[in-house]
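Residue numbers (UniProt numbering), protein chains in the order written: chain A, 1 to 242; chain B, 1 to 242. A short worksheet on the structure shown next.
There are 2 protein chains.
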Amino acid sequence: MKESLHGTVAAELRRRIRSGEIGVGESLPSEAELCEEFSASRTPVRQALAVLREEGLIGGGQGRRSLVLDAVPAQPFESFLSFTMRAELTGQVPGQRLQEIALRRPDPAVAAALELDADAMVVQLLRLRLLDGRPAMLERMTYTEAVGRPLLSADLDAGSIYAVLTEQGTDLAAARHTFDAVAADATDAELLEVGVGSPLLRERRVTTDSQGVPIEWSDDRYRPDVATVTVTNTRGTRTARL
Amino acid sequence: MKESLHGTVAAELRRRIRSGEIGVGESLPSEAELCEEFSASRTPVRQALAVLREEGLIGGGQGRRSLVLDAVPAQPFESFLSFTMRAELTGQVPGQRLQEIALRRPDPAVAAALELDADAMVVQLLRLRLLDGRPAMLERMTYTEAVGRPLLSADLDAGSIYAVLTEQGTDLAAARHTFDAVAADATDAELLEVGVGSPLLRERRVTTDSQGVPIEWSDDRYRPDVATVTVTNTRGTRTARL
DNA sequence: GTCGGTGACTTGTAAGTACAAGTCATTGAC
DNA sequence: GTCAATGACTTGTACTTACAAGTCACCGAC
């Protein structure tokens, strides 16, 4: 699956950083040492370092060895459409387990977020997301009935929900994310394997189509030691570090 | 200012895309053509393309020419609002109370984030932010000594830190925000008036100048029942590769 | 001891070469 | 006419060499 040399180098360094083998504040081996260790030339080594730098794991500059800045890989915000893509970017193995899918009447808060009548039906999913086999995030998604119906008959443990939706022509154009922190409730605690009351990062999201009509409402809860959310905003222009 | 070859190539291509000279959906010249045009080898040309790809301007894949996906880079700086602006938007009265300002040696993780030596001095502030008189957020900010010194003599309960910094010519060009959740420690609990261990939304931020040199490091903790962070992203259909 | 310079080490940039792998239009067989 | 194979073109990956530029520790002059 991951055959490229720079991919393996990046994955291995990511593993060392995540495992604490190389701690925050410490410096990486020099490029020359990495070349020797992986029997590679500087090109793939530098490609790997460029990827880690883009992920915010390492920093540094000319003449200095690269420093470890953070141990938890950041999730680039632009790829909010796909948890799977984010995982592959950071070299982790994504997994998912659908806990529940239901057609029901939503509670009033959700109905309001989707701009629906109180008696409208919605499709709701409860899905656990895994990284390297460990629970990382719990999704509670709600779709309007028209949009969500096809999901009831799809094989959701295998494919992505977004693939099903885009396949049938649903366009997801804009999203509004709200972040806060909550204490894990009983369901969260059991599925994410944390204690009841332990802090979770919550992302609530309303996704709309290009006309601004709400399509999806989601309540995602992240284990903060496994996944974080990162937003980068830039006013200037970046320079390449390859 | 911009001396590197790949920087020149990237800037020129960015200009053509932004000006519409190469429209969205059209394809860029091949790498070979760009090499000839700029009298460069493939290395800097590919570095330039990698930067544009990272900015979301272009996409494509092996065997195909790069396609223009978008005319403007993602995430304008303005989409992130300051605490004060957010407060005014929601009609609440913002307040602040400086708890502490100090010149000290940072702990290693912070030093690494600011790319400083372990024995460098920094200016650290601990500031409580209020909404309608109630504790809402606790900021722990760290500045490099050169940048932060003027803060020691400024009246920080009245004016904004940002104002002091821009006044003295510090340019803040880009920021990287990472969100997760933490349990309140003793200090958090006392100042934010919550129980120890209750969940808080944490935003860690590194702000850099236009050269990419880190200026500010911040650890902000929000009471989730009083303040949340919202991000809107309106990116079109970007189903392309990374 | 302090200061400043030297030199080894490290990363940044860029040239060139080679081959692998994917795309696409043309071509030729059926 | 349709379909599959071919081959030109293009990007992906990787190795090599070379030099520029920044960092840092050591060492000698003072």
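Idealized CB from N, CA, C, for every residue including glycine.
About 11 Å separates the CB atoms of B/Val164 and B/Leu152; that is not less than 8 Å, and the two are not in contact.
Listed in chain order, the non-local C-beta contacts of B/Arg46 below 7 Å within the same chain comprise Glu31, local neighbours out to five positions each way being set aside.
Looking at the backbone, the Cα of B/Thr178 and that of B/Ser218 are separated by about 10 Å. Per DSSP, A/Pro150 lies in no beta strand (DSSP E) segment; the continuous alpha helix (DSSP H) that holds it begins and ends at 145-152.
At a cut-off of 9 Å between beta carbons, B/Phe83 makes no contact with chain A. Straight through space, the alpha carbons of B/Val51 and B/Ala154 are spaced by roughly 40 Å.
For the C-beta of B/Phe38, not a single chain A residue is nearer than 9 Å; the gap to the nearest is close to 14 Å. Note on geometry: alpha-carbon atoms of B/Glu193 and B/Leu116 lie some 34 Å from one another. Where A/Gln92 is concerned, there is no enclosing beta strand (DSSP E), because DSSP gives it neither an H nor an E. A/Ala146 is the residue among A/Ala184, A/Gly7, A/Ala146 whose C-alpha sits nearest the C-alpha of A/Leu114. If you look at A/Glu33, you'll find it isn't in any beta strand (DSSP E); it sits in the alpha helix (DSSP H) that goes 31-37. A/Leu191 is not a Cβ neighbour of A/Ala227, given a cutoff of 9 Å. In the structure shown, the three-state DSSP call for A/Val51 is helix. Here the alpha carbon of A/Pro214 sits roughly 6 Å from the alpha carbon of A/Thr207. In summary, the residues of the segment 178-195 of chain B whose CB is separated from some CB of chain A by less than 7 Å are Thr178, Phe179, Asp180, Ala181, Val182, Ala183, in the order they occur in the chain. In the DSSP assignment, A/Val122 falls within the beta strand (DSSP E) that extends over 122-131.
Cα atoms of A/Arg223 and B/Leu34: separation of roughly 45 Å, rounded to the nearest angstrom.
Taken through DSSP and simplified to helix, strand or coil, A/Gly59 comes out as strand. Here B/Arg97 is exposed. Its C-beta has fewer than 16 other C-beta atoms within 10 Å.
A/Thr228 belongs to the set of residues whose beta carbon lies under 9 Å from a beta carbon in chain B.
At a cut-off of 9 Å between beta carbons, A/Ala50 contacts chain B. For A/Gly56, the nearest CB of chain B lies under 9 Å from its own CB, placing it at the interface with that chain. Counting only Cβ-Cβ distances below 8 Å, A/Leu201 has contacts in chain B at Phe179, Asp180, Ala181, Leu201, in chain order. Neighbours of A/Leu67 in chain B, taken as residues at a C-beta separation under 8 Å, are given in chain order as Ala112, Glu115. If you draw a 10 Å sphere on the C-beta of B/Ala120, you find fewer than 16 other C-beta atoms in it, and that means exposed.
DSSP places A/Leu69 outside both helix and strand once states are collapsed to three, so it counts as coil. At least 9 Å separates the beta-carbon of A/Glu139 from that of A/Leu130. When C-alpha distances from B/Glu216 are compared across B/Leu57, B/Val122, B/Ala136, the shortest belongs to B/Val122. Interface annotation, A/Val24: in contact with chain B, CB-CB separation under 9 Å.
At least 9 Å separates the CB of A/Gly20 from every CB of chain B. When DSSP states are grouped into helix, strand and coil, B/Leu138 belongs to the strand group. Not a single CB atom of chain B sits nearer than 9 Å to the CB of A/Asp220.
Linking A/Ser19 to A/Val182 through their CA atoms gives a straight-line distance of about 26 Å.
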